[in-house]
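Since the structure comes first, as structure tokens, the remarks are kept for the end.
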Amino acid sequence: MPGPDNIYVLTESISKGVKQGVAITTGLISGVIVHTTLVATGLSLLVFSNDLAYDIMKYAGTAYLLYMAFGAVKEAPLDVNVDVKGQLEPFPRLFKRGFLMNVLNPKVTLFFIVLLPQFVSSDGWSPMYQMFVLGGIFMAVSLLIFSSIAVVSGYSASLIKHPLFWVITKWVKVMVLLALATFLLLSVR
80 MPGPDNIYVL
90 TESISKGVKQ
100 GVAITTGLIS
110 GVIVHTTLVA
120 TGLSLLVFSN
130 DLAYDIMKYA
140 GTAYLLYMAF
150 GAVKEAPLDV
160 NVDVKGQLEP
170 FPRLFKRGFL
180 MNVLNPKVTL
190 FFIVLLPQFV
200 SSDGWSPMYQ
210 MFVLGGIFMA
220 VSLLIFSSIA
230 VVSGYSASLI
240 KHPLFWVITK
250 WVKVMVLLAL
260 ATFLLLSVR
């Protein structure tokens, strides 16, 4: 999903190189463990057992996604100088920053609380184990996506000098956020 974390990996990879973007990615992915654990141990059950709590989360999530889409429409292109590489930071600092960005991102929290439990089956393994497996799959897919962003942006930094890049990026982000907001609004338990 597009968001501040994606943009951060993109800009850090462009301005400081692929290794810096991948270091942030490892922190972002590790933050998923916190969300998975909270949901797997019952937080989502509290939300799904109470109609009012579920509706509040659903509408708050929809409002947040619409707010982000509105913000994306108003975004100006980032001013990133690709000709001068920034000062490199140590891996632990980047890991910590990525981890905190993920854990404190309300979009990830809403996704794990409201959407992910819908894929848990009442048959088979216990719901807690299923949530951990789903969280692991989410981590693997996210690692692939974020690392791809880091590698592609790090090695093709010169493309962002073209204004069309920012126009396309902005409108793709807006469309994805609007689609997610619509999906969340129309979702049923």
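Just add 79 to wherever you are in the sequence shown, counting from 1, and you've got the numbering used here. Note that CB positions come from ideal geometry on N, CA and C, so glycine has one too. Model, not experiment: these values are computed from the prediction.
*Inter-residue spacing [alpha-carbon to alpha-carbon] between N181 and G110*: Rounded to whole angstroms, N181 and G110 show a C-alpha spacing of 5 Å.
_What I want to know is whether the C-beta of G177 ends up closer than 6 Å to one or more non-hydrogen atoms of the ligand ZN._
The ligand ZN is not among the ligands present in this structure, which contains no ligands whatsoever.
_I247 versus V152 - alpha carbon distance_ = 11 Å
*Going along the chain, which unbroken runs of the alpha helix (DSSP H) with 4 or more residues stay wholly within the segment 221-258?*
none
*Coil, strand or helix - S201 by DSSP*: coil
*asked:* Alpha carbons only, please: which of F217, I86, F149 and L145 is nearest the one belonging to V113?
replied: F217
*Would you kindly work out how many angstroms separate the C-alpha atoms of W204 and L117, rounded to a whole number?*
Going by the C-alpha atoms only, they are around 18 Å apart.
*Drop a sphere of 10 angstroms on the beta-carbon of A119, count the other beta-carbons inside from all chains shown, and report buried for 16 or more, exposed for fewer.*
buried
_Rounded straight-line distance, which links the Cα of S237 to that of L122_ = 45 Å
_Using only the alpha-carbon positions, how far apart do I192 and I239 sit?_
35 Å
*When the Cβ atoms of the segment 96-111 are set against those of the segment 196-203, are three or more pairs found closer than 8 Å?*
no
_To the nearest angstrom, how far is the alpha carbon of L195 from that of D134?_
16 Å
*From the DSSP output, in three-state form, read off S92 for me.*
In the three-state DSSP reduction, S92 falls in the helix class (H, G or I).
*What is the residue span of the alpha helix (DSSP H) that F170 lies within?*
Start and end: F170 to V182.
*By a C-beta neighbour count over all protein chains shown, 10 Å radius and 16 as the cutoff for buried, is A260 buried or exposed?*
buried
*In angstroms with no decimal places, state the Cα-to-Cα distance between G177 and N129.*
33 Å
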